[in-house]
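Asks: Can you read through this structure? Questions will come right after.
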């Protein structure tokens, strides 16, 4: 157990540096009184939304925690769940606090040139990144240390019982409950934040650009402040909660699999043959993911500090350098941890050409395969969505033929973009499995997210730069300032695509590992865990589960898009009302009622996020109790396959539509104010809820269903209730 103090220390160091970067950000000048006032509107709107959302989320979390405590007759699981939820919420709140205060400071820094503006923007974004890495790892280590009696070697596979018939593993339930708490926050933050930001964005674009013919972020647009608030609640707090949940799930799934491997303790454990594996070996496999995560956190911290101190004249090159530098540090630190701590036994199975290949380096290969796959998928996302490459440029060109061609071409682009990422995922999964069995798949997800602190820092930098452009426009600063913030924002669009690639890839790996963990945990009883968990795919109840699982992401998507459309409809009505009843708004003689638009989007998003969230939570229960444990496994597999395709398709279609519009706004094919531009704006508004609401929510949907199934799997009957 002493080894856990190393990742605990790493997490605490990252958290401390998050506050140091926050203090550094706040030391920069916030600009003029007008800039501070506009930034204050954004801060107030973001706080209002987060407060309203948190009350709903924690109501649900408390109810689930109470159910856990009653059903499993233990205080540990409710505490772990609520602690996981609190940790995730805290990271999001602190990161968003920094982002909403960095916006005006970036705009002010842009007066001195791009290097200063970049320094402020990255410092503001790094608070979210370091908070995600620090809080999540610290929280997990604290839970394992506080409940250390359940994690000492002798207790790891100790069977607990509730109501006589329900049997489960105490250690698995504790860390799975922690992951479930983080998952709940991630889902509602992503769904609620996504609905908020896209309802505001769509209404601001449709009424402002197309109907009123005013520029983006114009202070005359009543939805402008709500749009800037949305960038923070959706793309900072929502993204941070999403990646945090993936990070926690990847660590937890690897630990859970190692615990079940120990419980099975047969000669063959899913493609990995154990020859004389000692108790110490198993224990090291169980603690290894937390140690690897700790090494990754320190590597990320170094990468963030290096990039934050650069006087970068080219933001894209600076962030790219940081990506490579941090990736190398992560691989080196991971190799060091594995070399010093991983169990050193040998594999002898049909997958290995050299039977004397040392196991510890096969674990490293699995981690490296995940990291490499994440980089490839993120690069593919950039290829399909960036104006530097032909797909988006061709989409912009085809927009000359009108709205219909723009939309159909964007749909085709997104659907076609699923091919190579899926092939990459498939090869990485096989590579990880051939390297270290299902344990390898779990640590491959961790490999993708080992430098989570840096990934989230870069992703959060984008919304900060975008908000800075809004402040510059609304405060009517020198056009040179807006030019600099637009350059930073364009790089942010690329980093957002890269972040989505990592999020999708890590979600697939983590969900797959969690599904295998569920199949293991759903044995008739904990004492009957088998060495090779399997499900019968031709069993009717499994097929029923697969079909329902494949359908669910589409139904989930319909609720999300409908929620965005309904909120946007209310917003558009309100903006038109203000323009109609207050003629002085468009002439600049009257100030729009920004607060009314914020109230509409907040109320709409918070009220409409509950239905999708409850569907994700309750579906495994309904399928499990109606059709049995095998059907739930089918549900998870069907949902995984369907959700990954939707996530890739929506992210890339939406990103391409967005950047095709910006490419036209740069002066290509007629530029702003033309019919081509109007068609591109319509395409962008169609893509907005796809890339920023639907796509990110798919990642969380499959992970949340998997974690819910893992936690409550022991309750489900073996056969349908009517058999």
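In my numbering, the protein residues as written are 421 to 1143. Just so you know, even glycine gets a beta-carbon here, dropped at the ideal spot from N, CA and C. The model shown is predicted, which means the values in this text are computed figures rather than measured ones.
Per DSSP, what kind of secondary structure is residue 789 in: helix, strand or coil?
Replies: Along the chain shown, one-based indexing puts residue 789 at 369. Looking at residue 789 - three-state DSSP - the assignment turns out to be helix.
Asks: Taking its Cβ as the centre, do 16 or more other Cβ atoms sit within 10 Å of residue 1133, making it buried, or is it exposed?
Replies: By 1-based counting over the chain shown, the position of residue 1133 is 713. Its Cβ being crowded by 16 or more others within 10 Å, residue 1133 is buried.
Asks: Put residue 587 into one of helix, strand or coil per three-state DSSP.
Replies: Indexing the chain shown from 1 puts residue 587 at position 167. Residue 587: strand per DSSP, three-state reduction.
Asks: Between which two residues does the alpha helix (DSSP H) carrying residue 817 extend?
Replies: Working through the chain shown from its first residue, we reach residue 817 at position 397. Residue 817 -> alpha helix (DSSP H) spans 810-818.
Asks: Beta-carbon separation of residue 830 and residue 1077 under 8 Å?
Replies: Taking the first residue of the chain shown as 1, we reach residue 830 at position 410. Taking the first residue of the chain shown as 1, we reach residue 1077 at position 657. Yes.
Asks: Under 8 Å: do the segment 854-871 and the segment 800-815 share three or more Cβ pairs, one atom per stretch?
Replies: At 8 Å Cβ cutoff, the stretches do not touch.
Asks: I need the DSSP call for residue 1048, collapsed to helix, strand or coil.
Replies: Indexing the chain shown from 1 puts residue 1048 at position 628. DSSP places residue 1048 in coil when its eight states are reduced to three.
Asks: What's the C-alpha gap between residue 428 and residue 667?
Replies: Working through the chain shown from its first residue, we reach residue 428 at position 8. Working through the chain shown from its first residue, we reach residue 667 at position 247. Cα to Cα, residue 428 sits roughly 15 Å from residue 667.
Asks: Going by DSSP, what residue range makes up the alpha helix (DSSP H) through residue 493?
Replies: Sequence index remark: in the chain shown, residue 493 carries index 73 (1-based). First-last for residue 493: undefined, no H or E at that position.
Asks: Closest by CA to residue 434, which one among 550, 424 and 514?
Replies: On the chain shown, residue 434 is found 14 positions in, with the first residue counted as 1. Selected option, being the one with the closest Cα: 550.
Asks: Determine the burial state of residue 978: buried for a count of at least 16 other Cβ atoms within 10 Å of its Cβ, exposed for fewer.
Replies: Within the chain shown, residue 978 is the residue found at index 558, counting from 1. Looking at its Cβ environment, which holds fewer than 16 other Cβ atoms inside 10 Å, residue 978 is exposed.
Asks: By alpha-carbon positions, which one of 980, 1036, 884 and 984 ends up nearest to residue 463?
Replies: Working through the chain shown from its first residue, we reach residue 463 at position 43. Closest option to residue 463, Cα to Cα, is 884.
Asks: Using 8 Å as the threshold, is the C-beta distance between residue 607 and residue 1036 below it?
Replies: Residue 607 sits at position 187 when you count from the first residue of the chain shown. Residue 1036 sits at position 616 when you count from the first residue of the chain shown. A contact, by the Cβ cut-off of 8 Å.
Asks: Tell whether a beta-carbon distance below 8 Å holds between residue 739 and residue 757.
Replies: Along the chain shown, read from residue 1 onward, the residue named residue 739 stands at position 319. Along the chain shown, read from residue 1 onward, the residue named residue 757 stands at position 337. Not closer than 8 Å, so no.
Asks: Closer than 8 Å is the cut-off here; do at least three beta carbon pairs connect the segment 1052-1065 with the segment 814-834?
Replies: Counting Cβ pairs under 8 Å, fewer than three are found: no touch.
Asks: Out of 478, 449, 507 and 1107, point me to the one whose CA is closest to residue 833's CA.
Replies: Counted from its first residue, the chain shown places residue 833 at position 413. When only C-alpha atoms are compared, the closest one is 1107.
Asks: Tell me where the alpha helix (DSSP H) around residue 1100 begins and ends.
Replies: The residue given as residue 1100 occupies position 680 in the chain shown. Taken as a continuous stretch (DSSP letters only), the alpha helix (DSSP H) holding residue 1100 covers 1095-1109.
Asks: The alpha helix (DSSP H) with residue 847 in it runs from where to where?
Replies: Translated into the one-based positions of the chain shown, residue 847 becomes position 427. Residues 839-868.
Asks: I need the DSSP call for residue 632, collapsed to helix, strand or coil.
Replies: Position 212 of the chain shown holds residue 632. Coil at residue 632, not helix or strand.
Asks: Would you grab the beta carbon distance between residue 858 and residue 677 for me? Rounded to a whole angstrom, and I think it's under 8 Å.
Replies: For the purposes of this step, residue 858 is taken as residue 438 along the chain shown, with counting starting at 1. For the purposes of this step, residue 677 is taken as residue 257 along the chain shown, with counting starting at 1. Indeed, because the Cβ distance is near 6 Å, the residues count as touching under 8 Å.
Asks: Residue 665: buried (16+ other C-beta within 10 angstroms of its C-beta) or exposed?
Replies: For this step, residue 665 is matched to residue 245 along the chain shown. By the neighbour-count rule (16 or more Cβ atoms within 10 Å), residue 665 is buried.
Asks: Measuring straight from C-alpha to C-alpha, what distance separates residue 1114 and residue 568?
Replies: Residue 1114 sits at position 694 when you count from the first residue of the chain shown. Residue 568 sits at position 148 when you count from the first residue of the chain shown. Distance between the alpha carbons of residue 1114 and residue 568 is about 39 Å.
Asks: Going by beta carbon distance, what residues of the same chain come within less than 6 Å of residue 432, once the five residues before and after it are set aside?
Replies: By 1-based counting over the chain shown, the position of residue 432 is 12. Excluding sequence neighbours, residue 432 sits near 558.
Asks: Apply the 10 Å Cβ neighbour rule to residue 1007 and answer buried if 16 or more other Cβ atoms are within range, or exposed otherwise.
Replies: Start at 1 with the first residue of the chain shown, and residue 1007 comes out as number 587. The residue is exposed, with fewer than 16 neighbouring Cβ atoms inside 10 Å.
Asks: Is it true that the CB of residue 468 sits closer than 8 Å to the CB of residue 995?
Replies: Within the chain shown, residue 995 is the residue found at index 575, counting from 1. Within the chain shown, residue 468 is the residue found at index 48, counting from 1. Taking 8 Å as the Cβ cut-off, residue 995 and residue 468 do not qualify as a contacting pair.
Asks: Taking all protein chains shown into account, do 16 or more other C-beta atoms lie within 10 angstroms of the C-beta of residue 495, making it buried, or fewer, making it exposed?
Replies: For the purposes of this step, residue 495 is identified with residue 75 of the chain shown, where counting begins at 1. So residue 495 counts as exposed.
Asks: What's the C-alpha gap between residue 973 and residue 1032?
Replies: The residue given as residue 973 occupies position 553 in the chain shown. The residue given as residue 1032 occupies position 612 in the chain shown. Approximately 10 Å, taken between the alpha carbons.
Asks: With distances taken from CA atoms, which of 818, 755 and 735 is nearest residue 374?
Replies: Residue 374 lies beyond the residue range present for the chain, which begins at 421 and ends at 1143; the question has no answer from this structure.
Asks: With contact counted as at least three CB pairs below 8 Å, one residue from each stretch, are the segment 836-846 and the segment 786-801 in contact?
Replies: Touching, yes, given that three or more Cβ pairs across the two stretches are closer than 8 Å.
Asks: Near residue 784, which residues of its chain fall below 7 Å by C-beta distance, leaving aside the five closest residues on each side in sequence?
Replies: Numbered from its first residue, the chain shown carries residue 784 at position 364. Contacts found: 754, 755 and 758.
Asks: Would you check if the distance between the CB atom of residue 981 and the CB atom of residue 1109 is smaller than 8 Å?
Replies: If you number the chain shown from 1, residue 981 lands on position 561. If you number the chain shown from 1, residue 1109 lands on position 689. Taking 8 Å as the Cβ cut-off, residue 981 and residue 1109 qualify as a contacting pair.
Asks: By Cβ distance, which residues of its chain are closer than 7 Å to residue 1079, with the 5 residues on each side in sequence left out?
Replies: Along the chain shown, one-based indexing puts residue 1079 at 659. Cβ within range, chain order: 805, 806, 807, 812 and 913.
Asks: If you run the structure through DSSP and keep just helix, strand and coil, what is residue 567?
Replies: Against the chain shown, residue 567 aligns to sequence position 147. Correct three-state label for residue 567: coil.
Asks: Using a beta-carbon distance below 8 Å, is residue 483 in contact with chain D?
Replies: Absent from the structure: chain D. Only one protein chain is present.
Asks: Relative to the alpha-carbon of residue 1024, which residue among 887, 597, 646 and 445 has its alpha-carbon at the smallest distance?
Replies: By one-based count along the chain shown, residue 1024 stands at place 604. If we check each option's Cα against that of residue 1024, 646 comes out closest.
Asks: In whole angstroms, what separates the C-alpha of residue 1140 from that of residue 674?
Replies: Your numbering for residue 1140 matches position 720 in the chain shown. Your numbering for residue 674 matches position 254 in the chain shown. Spanning the two alpha carbons is a distance of roughly 30 Å.
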